[in-house]
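Worksheet for the structure shown next.
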Amino acid sequence: ERDKAGVWRVVRTLSLPVSDFASLVPVALGADHPNCLAFVGLNSIAWMALSGPVWDLTELDHYETPIKDGYLHDVISGDLNHDGIKDLVFLETAKNYLDIVAFEPPRRLVPADRWQVFEERTFRGRRSDLPEPREALVADLTGDHKNDLAVIVHDRILLYPQE
Numbered sequence: 004e005r006d007k008a009g010v011w012r013v014v015r016t017l018s019l020p021v022s023d024f025a026s027l028v029p030v031a032l033g034a035d036h037p038n039c040l041a042f043v044g045l046n047s048i049a050w051m052a053l054s055g056p057v058w059d060l061t062e063l064d065h066y067e068t069p070i071k072d073g074y075l076h077d078v079i080s081g082d083l084n085h086d087g088i089k090d091l092v093f094l095e096t097a098k099n100y101l102d103i104v105a106f107e108p109p110r111r112l113v114p115a116d117r118w119q120v121f122e123e124r125t126f127r128g129r130r131s132d133l134p135e136p137r138e139a140l141v142a143d144l145t146g147d148h149k150n151d152l153a154v155i156v157h158d159r160i161l162l163y164p165q166e
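What follows is the structure, encoded as structure tokens:
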């Protein structure tokens, strides 16, 4: 905003969504005129609305896998223990684990279960450069009205039904 002399002054400092960006680009999302800024970097892009309702994200808790040298590649959510609260299923790809974490209100992530999906990197001597396990889904796949866990590993779909 400008002061009485017409000089721009800092009113508020915001944390940027991208720390290493090369350019700012005005973007019109759902409007005829630019209503947000895009932060463009070499390997990333983020945007920030200039007006309207905004989300206020607050960290509730954090989780670090206890798997030595583990790498949490992806995460999906779904209610796996039928308690009405979504659990987090982390796909750990360095040691090939599934790492399930429960959310305990009001603000705690608690390790629930973890197991190695397979020990060998490949089946039948084939080598894959894809992270494994690479895809997962939480849904009722057995028709018993309880969510199950399906995981894609190599050329297989593994089904873990909820008991």
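In this text, residue positions in the sequence shown follow this note's numbering: the first is 4, and each later residue adds one.
Even for Gly, the Cβ is constructed at its ideal location relative to N, Cα and C.
These numbers were taken from a predicted model, which means no experiment stands behind them.
Straight-line gap, residue i to residue j (C-alpha atoms, nearest Å)
i, j, result
"alanine 34", "isoleucine 48", "20 Å"
"valine 141", "leucine 161", "12 Å"
"phenylalanine 42", "tryptophan 50", "6 Å"
"leucine 53", "arginine 12", "18 Å"
"alanine 8", "threonine 16", "21 Å"
Own chain partners of residue i with C-beta closer than 8 Å, once the 5 adjacent residues on each side are dropped
i, result
"leucine 45", "Asp23 and Ala25"
"arginine 110", "Leu63 and Asp64"
"alanine 139", "Asp77, Ile79, Val92, Leu94, Leu101, Leu152, Ala153, Val154 and Ile155"
With 16 other Cβ atoms within 10 Å as the buried cut-off, status of residue i
i, result
"leucine 152", "buried"
"valine 154", "buried"
"valine 113", "exposed"
"valine 14", "exposed"
"aspartate 90", "buried"
Selection from the options that minimises the alpha carbon distance to residue i
i, options, result
"isoleucine 79", "Gly73, Ala97 and Leu101", "Leu101"
"leucine 60", "Phe42, Tyr66 and Ser18", "Ser18"
"phenylalanine 93", "Glu107, Val28, Met51 and Arg137", "Arg137"
"histidine 36", "Val43, Val28 and Phe42", "Val28"
"phenylalanine 106", "Ile88, Asp147 and Ala8", "Ile88"
"lysine 98", "Gly146, Val156 and Ala31", "Val156"
Distance CB(residue i)-CB(residue j) smaller than 8 Å
i, j, result
"glutamine 165", "leucine 83", "yes"
"asparagine 150", "aspartate 143", "yes"
Chain-order list of residues whose beta-carbon lies under 6 Å from that of residue i (same chain, five-residue window excluded)
i, result
"histidine 76", "Leu94, Thr96 and Pro134"
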